[in-house]
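These notes are about the structure you will find just below.
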Amino acid sequence: MTANKNSNHNNNHNHINVRSSSPSLSSQAMLVVGDNNDDNPIFFPPKLCCDNDVIQEFDRNDNYNDDNEGIIISQLQSQQQQKQQLKQGTTFEEACQFAVETHRTLFLLQDIKDLPDTILLRKREHLTIRGELVHEDVDDVGSQVGAAVNLRYKSSTKITNCSIISHAGFCCWAVQKSSIDLNQCYLRSPLRSALVCFGNAKLLTNECTIMESGVHGVCARGECQIKLINTSILNSAVRGLYAYANASVDLHGCTVSGTCREDMAAIEVSSAVKTTASIITTPPTPSSSSTSDSKNNSNNNNKTNDKYNIIIQQQKTSSLIMNGCNVVDNSGVGVRIRGGVRHNLIMKESESKSKSESILPCSNSNNNNNIIQNLGGDDIDFRLSSAEEEEGKEDDNSTNNNHHQSNQQQPQRDSSGSSFRKGDWWCPNCIPKRIIQGSNDSCTFCKMEKKHDNLLTTDEVLKLNRGEHVASQVLEKVVSPTWWFDADGDVGYIPYDVESSQKLEDAFQALHLDSTTTTTAKEKEDQQLNNRIVMLSGGRYSVDVQTMEQINIESQFLRLVQRREKKIEMNEKPKTAKYI
């Protein structure tokens with residue numbers, strides 16, 4: 000949903016104020032009306048329409064009783080300058096556009112449970128929401144779903160006392176110079192990350208809960224500014240918070256717990272640069288502005304610190320400030336720092352000496368952080384390389400061993416290990432089966448075309464992102480080998496009967512596949528010699544499955560033999576033969 004794309008106003012900031020509460024809490028809804036600063040609100044759905052103290056008839060909602068309706072109506076009657084309200088049948092998108100054009104506040108009288116499209120804010124538009132937004136799939140594939148709230152350019156949103164659930168996308172996605180302000184909100188995105196910031200976006204949360212994210216609770220890339228206050232990130236599939244490429248992270252009184260991946264940290268901050276030049280700073284207080292810090296970092300490359308009387312060479316890099324945070328009960332390590340990240344965390348003396356050339360601690364106190372009971376370790380995990388470089392090295396080392404992968408190996412979406420998502424699909428033609436990105440219409444290895452029946456299920460996406468082993472339920476392409484011999488004249492090759500074909504296949508399997516047992520060289524040679532000759536038709540013909548020749552015993556007439564493989568779809572492999 001695009002809010003007022005084509006409207007031009009003299010005011011630089013267009014305001015859309017959307018407020019509501021749970022339909023079952025009508026008393027809370029009345030408080031919202033009373034606390035409203037706008038004397039001329041717009042109501043959605045158009046239930047209450049007032050003009051000159053005349054209350055028009057509105058649709059009845061079972062969650063509001065007559066007494067509550069009377070209180071709400073009396074409050075509306077006391078407001079002055081009531082203007083035109085929405086007409087019956089107005090959509091939520093039209094209500095938002097009307098609110099922007101008239102510079103009025105939009106109140107939700109009930110929660111939006113079936114939000115089919117993204118609320119898209121552009122330019123300098125501002126949106127304030129209170130209530131519940133449930134973002135549904137736009138199609139069966141779900142690969143085109145972005146976010147429940149999508150912000151671009153310099154737009155902003157303030158979401159208060161709101162529940163946002165996105166079934167297949169992000170809860171909030173901010174790019175460029177947009178900003179998100181969340182207060183006392185509940186967010187859940189079971190298949191993707193809950194809060195995502197790219198570019199120069201800003202994120203501020205206060206007393207929020209982020210539950211069961213399908214990938215990360217919070218993900219930031221670029222020169223983003225992330226500040227979380229008294230926020231809980233619980234039961235994320237991969238990481239609770241992941242920031243990289245010069246992102247600035249400021250955490251105060253936050254809790255990160257219950258991550259599922261053993262190989263991933265609960266909190267991970269990575270820098271785009273490997274080292275920094277003698278950076279020594281003091282951690283900012285909770286009241287200090289992260290915006291001004293970032294502006295100083297980008298505009299002042301060299302600055303004199305009067306307190307230490309030294310020259311600080313500042314360069315763009317990621318930063319992590321943690322004060323009074325709890326990082327507990329996670330499957331992986333508690334906190335991981337990669338590259339030249341500025342931070343206020345304490346390193347052990349041995350770590351400080353070995354990494355002093357790249358990272359210097361910013362404080363001599365632990366800042367009351369509680370990092371305990373993490374299965375991957377409670378010590379800060381410092382690494383010099385960024386995650387992207389390390390994953391690239393691992394991929395280079397494993398390239399030559401791809402053909403040795405077993406069917407039980409955990410599949411990967413790509414070489415960088417990105418998260419799985421709706422729209423990705425299994426390639427049943429590859430052995431072992433590969434997962435192909437949803438943007439590809441064919442397998443990059445075997446060129447098999449994408450089919451709707453091969454798409455990852457929601458349960459498979461959840462398990463794969465949690466690091467659990469998933470076996471494809473797609474019907475397997477199994478090999479059905481048959482044996483053929485050269486006939487007389489122009490007839491060509493003719494298939495053997497079923498019994499003869501089975502004997503030849505058993506001999507072929509024993510000769511080429513079952514020779515890995517621990518036997519001596521002489522025993523193995525005798526075994527192969529005996530296994531490669533198959534007698535057919537009561538000993539009238541002999542077939543050498545190594546040279547692919549059939550010999551007529553009486554005439555010694557030689558015929559060539561072929562082994563052909565036909566791929567068929569079936570639920571189970573036949574138990575009467577072995578296959579390669």
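The opening position of the sequence shown corresponds to residue 0 in numbering that gives the first Met the number 0, with each subsequent residue numbered one higher. Even for Gly, the Cβ is constructed at its ideal location relative to N, Cα and C. On a predicted model such as this, the values are computed, not experimentally measured, just so you know.
Give the straight-line distance between the Cα atoms of residue i and residue j, rounded to the nearest whole angstrom.
i, j, result
"residue 236", "residue 455", "17 angstroms"
"residue 337", "residue 562", "54 angstroms"
"residue 554", "residue 535", "15 angstroms"
"residue 111", "residue 134", "9 angstroms"
"residue 425", "residue 453", "5 angstroms"
"residue 197", "residue 243", "10 angstroms"
"residue 492", "residue 543", "17 angstroms"
"residue 291", "residue 272", "Low confidence applies to residue 291: its pLDDT is 47, below 50, so where it sits in the model is not reliable enough to give any reading."
"residue 368", "residue 239", "16 angstroms"
"residue 342", "residue 381", "11 angstroms"
"residue 264", "residue 375", "8 angstroms"
"residue 258", "residue 187", "14 angstroms"
"residue 158", "residue 101", "21 angstroms"
"residue 440", "residue 423", "10 angstroms"
"residue 497", "residue 546", "21 angstroms"
"residue 182", "residue 169", "18 angstroms"
"residue 442", "residue 146", "28 angstroms"
"residue 418", "residue 489", "56 angstroms"
"residue 564", "residue 204", "60 angstroms"
"residue 248", "residue 220", "11 angstroms"
"residue 481", "residue 500", "6 angstroms"
"residue 120", "residue 379", "39 angstroms"
"residue 344", "residue 261", "22 angstroms"
"residue 211", "residue 233", "6 angstroms"
"residue 176", "residue 199", "5 angstroms"
"residue 251", "residue 148", "25 angstroms"
"residue 241", "residue 266", "6 angstroms"
"residue 268", "residue 184", "24 angstroms"
"residue 541", "residue 486", "16 angstroms"
"residue 505", "residue 532", "11 angstroms"
"residue 191", "residue 416", "15 angstroms"
"residue 209", "residue 178", "18 angstroms"
Tell me residue i's beta-bridge partners as DSSP assigns them.
i, result
"residue 169", "146"
"residue 267", "241 and 335"
"residue 185", "162 and 208"
"residue 133", "164"
"residue 494", "483"
"residue 547", "None; residue 547 has no bridge partner."
"residue 426", "433"
"residue 251", "228 and 322"
"residue 381", "336"
"residue 370", "326"
For residue i, is the classification buried or exposed, using 16 other Cβ atoms within 10 angstroms of its Cβ as the cut-off for buried?
i, result
"residue 538", "exposed"
"residue 451", "exposed"
"residue 438", "exposed"
"residue 459", "buried"
"residue 556", "exposed"
"residue 154", "buried"
"residue 373", "buried"
"residue 317", "buried"
"residue 52", "In this prediction, residue 52 scores a pLDDT of 36, lower than 50, which makes its location untrustworthy; no coordinate-derived value is stated."
"residue 165", "buried"
"residue 173", "buried"
"residue 299", "The predicted model places residue 299 with a pLDDT of 47, which falls under 50 and marks its position as unreliable; any figure quoted below should be read in that light. Residue 299 is exposed by the Cβ-count criterion."
"residue 560", "buried"
"residue 156", "buried"
"residue 118", "buried"
"residue 414", "exposed"
"residue 552", "exposed"
"residue 472", "exposed"
Measure how close the beta-carbons of residue i and residue j come, nearest whole angstrom, since I'm counting them as under 8 angstroms.
i, j, result
"residue 484", "residue 558", "5 angstroms"
"residue 510", "residue 213", "In fact, because the Cβ distance is near 49 angstroms, the residues do not count as touching under 8 angstroms."
"residue 331", "residue 370", "That belief does not hold up - the Cβ atoms of residue 331 and residue 370 are roughly 12 angstroms apart, past 8 angstroms."
"residue 193", "residue 216", "5 angstroms"
"residue 195", "residue 161", "That belief does not hold up - the Cβ atoms of residue 195 and residue 161 are roughly 17 angstroms apart, past 8 angstroms."
"residue 326", "residue 255", "5 angstroms"
"residue 109", "residue 44", "7 angstroms"
"residue 322", "residue 366", "5 angstroms"
Quick check: is the beta carbon of residue i nearer than 8 angstroms to any beta carbon in chain B?
i, result
"residue 172", "The structure shown contains no chain B, having only a single protein chain."
Answer yes or no: the CB of residue i versus the heavy atoms of the ligand MN, is any distance below 7 angstroms?
i, result
"residue 228", "As for the ligand MN, it is missing from this structure, which has no ligand bound."
Review point. With contact counted as at least three CB pairs below 8 angstroms, one residue from each stretch, are the segment 456 to 473 and the segment 436 to 447 in contact?
Key: no
Exercise for review: May I ask you to verify whether the segment 224 to 231 touches the segment 421 to 434, counting CB pairs closer than 8 angstroms and requiring at least 3?
Suggested key: No, the segment 224 to 231 does not touch the segment 421 to 434.
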